[in-house]
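Colleague:
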Amino acid sequence: MKKGIDAEWNLSKYKWIYWLAILGFIVSLNLVLWGITLILYLVFDRNKPKTKDYRIKKIYEKYILIVGLLNFVWFILMLFGL
Numbered sequence: 037m038k039k040g041i042d043a044e045w046n047l048s049k050y051k052w053i054y055w056l057a058i059l060g061f062i063v064s065l066n067l068v069l070w071g072i073t074l075i076l077y078l079v080f081d082r083n084k085p086k087t088k089d090y091r092i093k094k095i096y097e098k099y100i101l102i103v104g105l106l107n108f109v110w111f112i113l114m115l116f117g118l
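Have a look at this one:
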């Protein structure tokens, strides 16, 4: 006989809620990263950096690469059903 919380709630029925929460978190993180990317694009690429500091542009390019790779990995995970 089951005891504790599992006696009242069959938790295996609700596992999809946990997966939905994890997916929601990943999607929101993804949207935040793309929002930051858009802001950086508007600041750096549209104005063709007025600053002579190329370190900032190199950091920006690395950031774009990392976000692109994260989104590619996310796409592959979604393609195979996580």
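Count the sequence shown with the working numbering and you get residues 37 to 118, in order. We put the beta carbon where it would ideally sit given N, CA and C, even for glycine. Since we're looking at a predicted model, the values are computed, not measured.
Where valine 68 and phenylalanine 61 are concerned, what is the direct C-alpha to C-alpha distance, given to the nearest angstrom?
Modeller: 11 Å
Colleague: Roughly how many angstroms lie between the CA atoms of tyrosine 50 and glycine 71, to the nearest whole one?
Modeller: 32 Å
Colleague: Would you identify the three-state DSSP class for phenylalanine 116, choosing helix, strand or coil?
Modeller: coil
Colleague: Between which two residues does the alpha helix (DSSP H) containing valine 63 stretch?
Modeller: 51 to 76
Colleague: Report the residue from Val109, Leu59, Val79 and Trp110 whose alpha carbon sits nearest the alpha carbon of glutamate 97.
Modeller: Out of Val109, Leu59, Val79 and Trp110, Val79 has the C-alpha closest to the C-alpha of glutamate 97.
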